[in-house]
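Asks: Just so we're aligned, residue 11 is where the sequence shown starts under our numbering, counting upward by one. All C-beta atoms in this analysis are idealised placements derived from N, C-alpha and C, irrespective of residue type, glycine included. My questions all concern the structure below.
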Amino acid sequence: MPLKLNIVIVSTRPGRVGPSVAEWVHERALAHGGFEVELVDLASFELPIFDEPKHPRFQDYQHDHTKAWSESVASADAFVFVSPEYNYFAPPSFVNAVDFLFNEWNYKVAGLVTYGGPLAGARAAQMEKLHLTSVKVMTVPEGVGVPMVFKHIDEQKKFNPPEALEPSLTAMLDELAKWAGALKPLRGG
Ligand SMILES: Cc1cc2nc3c(=O)[nH]c(=O)nc-3n(C[C@H](O)[C@H](O)[C@H](O)COP(=O)(O)O)c2cc1C
Numbered sequence: 011m012p013l014k015l016n017i018v019i020v021s022t023r024p025g026r027v028g029p030s031v032a033e034w035v036h037e038r039a040l041a042h043g044g045f046e047v048e049l050v051d052l053a054s055f056e057l058p059i060f061d062e063p064k065h066p067r068f069q070d071y072q073h074d075h076t077k078a079w080s081e082s083v084a085s086a087d088a089f090v091f092v093s094p095e096y097n098y099f100a101p102p103s104f105v106n107a108v109d110f111l112f113n114e115w116n117y118k119v120a121g122l123v124t125y126g127g128p129l130a131g132a133r134a135a136q137m138e139k140l141h142l143t144s145v146k147v148m149t150v151p152e153g154v155g156v157p158m159v160f161k162h163i164d165e166q167k168k169f170n171p172p173e174a175l176e177p178s179l180t181a182m183l184d185e186l187a188k189w190a191g192a193l194k195p196l197r198g199g
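This is the structure in structure tokens:
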């Protein structure tokens with residue numbers, strides 16, 4: 011079975027730039043060849059603020075939105091989160107989506123592509139790494155930060171990445187493939 015990588019568009023707001031950046035990540039991940047790749051739009055799950063009566067460890071979900079999100083996360087061996095930074099922090103859509111599940115995350119690996127103003131979403135990346143450790147997701151230090159993201163999106167909403175980011179993305183994908191394979195026995199694979 012090939013390793014499966016889910017690229018998750020974290021921003022859910024109307025008018026977001028997330029899909030533009032994620033499309034670039036998606037293209038490069040397909041070209042990388044180390045994974046079966048799926049582009050996942052968090053907005054499409056329409057998750058409300060966490061509303062399950064039981065702790066996610068029990069996986070006794072009451073809501074269809076949780077079941078759908080559970081199925082998506084369970085299907086992956088690795089993740090790339092394409093995420094903005096809001097108020098020097100991880101966006102609430104990210105925190106909420108992580109909290110909805112537990113077992114489905116365990117012993118998987120994630121890389122972060124963040125974007126924003128001059129600091130390229132670096133503070134969000136650090137917060138997201140910390141949060142992911144609590145659901146037993148290993149995060150790779152290799153990552154991509156896109157500074158001044160709006161300067162790199164054209165009128166057709168296409169993201170034209172600064173050249174310097176390409177090797178960072180490749181390095182992150184290489185590491186994700188290594189870790190996803192190495193963690194497989196812990197996931198019972
Ligand atoms: C509520 C809010 C808070 C923001 N805070 C930050 C921030 O802390 N750092 C930053 O670099 N950009 C910040 N921005 C600007 C975002 O980088 C920019 O709006 C970007 O397009 C957000 O990603 P999205 O369009 O995919 O949602 C903020 C934007 C919003 C809407």
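Glutamate 7 by DSSP, collapsed to three states: which one?
Replies: Past the boundaries of the shown model lies residue 7; the chain is included only from 11 to 199, so the question cannot be answered.
Asks: For tyrosine 117, verify whether its CB is less than 7 Å away from any heavy atom of ligand 1.
Replies: As a first step, residue 117 must be located in the sequence shown, where it is residue number 107. False, no ligand heavy atom lies under 7 Å from that Cβ.
Asks: Leaving out the 5 sequence neighbours to the left and right, which residues in its chain are closer than 7 Å to leucine 57 when beta-carbon positions are compared?
Replies: Position 47 of the sequence shown, counting from 1, holds the residue named residue 57. So the list reads His75, Trp79, Asn106, Ala107 and Phe110, once near-sequence residues are dropped.
Asks: So who's on the other strand from proline 94, going by DSSP bridges?
Replies: Translated into positions along the sequence shown, residue 94 becomes position 84. BP columns for proline 94 point to Tyr125.
Asks: For aspartate 51, I'd like the list of residues in its chain whose CB is within less than 6 Å of its CB, leaving aside the five on either flank, ordered along the chain.
Replies: As a first step, residue 51 is located in the sequence shown; it is residue number 41 there, counting from the start. Answer for aspartate 51: Ile19, listed in chain order.
Asks: If you compare alpha carbons, which of Phe89, Pro101, Ser85 and Thr180 is closest to glycine 126?
Replies: For the purposes of this step, residue 126 is taken as the residue at position 116 of the sequence shown. With distances taken between Cα atoms, glycine 126 lies closest to Pro101.
Asks: Check whether the Cβ atoms of threonine 124 and alanine 135 sit closer than 8 Å, and answer yes or no.
Replies: In the sequence shown, residue 124 corresponds to position 114, counting from 1. In the sequence shown, residue 135 corresponds to position 125, counting from 1. Yes.
Asks: Measure the C-alpha to C-alpha separation of valine 7 and leucine 175 and round it to an integer number of angstroms.
Replies: Shown here, the chain extends from 11 to 199; a query on residue 7 therefore has no answer.
Asks: Using the Cβ count rule (16 or more neighbours within 10 Å means buried), how would you classify asparagine 16?
Replies: Working through the sequence shown from its first residue, we reach residue 16 at position 6. Buried.
Asks: Is DSSP giving leucine 111 helix, strand or coil here?
Replies: Position 101 of the sequence shown, counted from the start, is the residue given in the question as residue 111. Note: leucine 111 maps to coil in three-state DSSP.
Asks: Which runs of the beta strand (DSSP E), 3 residues or longer, sit entirely within the segment 51 to 102?
Replies: Counting whole runs of 3 or more residues, the segment 51 to 102 contains the beta strand (DSSP E) stretches 88 to 94.
Asks: Assign aspartate 87 to one of two classes, buried (16 or more other C-beta atoms within 10 Å of its C-beta) or exposed (fewer than that).
Replies: Within the sequence shown, numbered from 1, the residue matching residue 87 stands at position 77. Buried, by the Cβ-count rule.
Asks: So, do the segment 32 to 46 and the segment 64 to 73 have three or more beta carbon pairs nearer to each other than 8 Å?
Replies: no
Asks: From Glu95, Asn113, Ala41 and His141, pick the residue whose C-alpha is nearest to that of valine 156; which is it?
Replies: Here residue 156 is taken as the residue at index 146 of the sequence shown, counted from 1. Nearest of Glu95, Asn113, Ala41 and His141 to valine 156, Cα basis: Glu95.
Asks: Could you tell me which residues DSSP pairs with leucine 15 in its beta bridges?
Replies: Residue mapping note: residue 15 aligns to position 5 of the sequence shown, counting from 1. According to DSSP, leucine 15 bridges with Val47 and Ala88.
Asks: Among all the DSSP beta bridges, which residues are the ones paired with methionine 137?
Replies: The sequence position of residue 137 within the sequence shown is 127, counting from 1. Note: methionine 137 sits in no beta bridge, so no partner.
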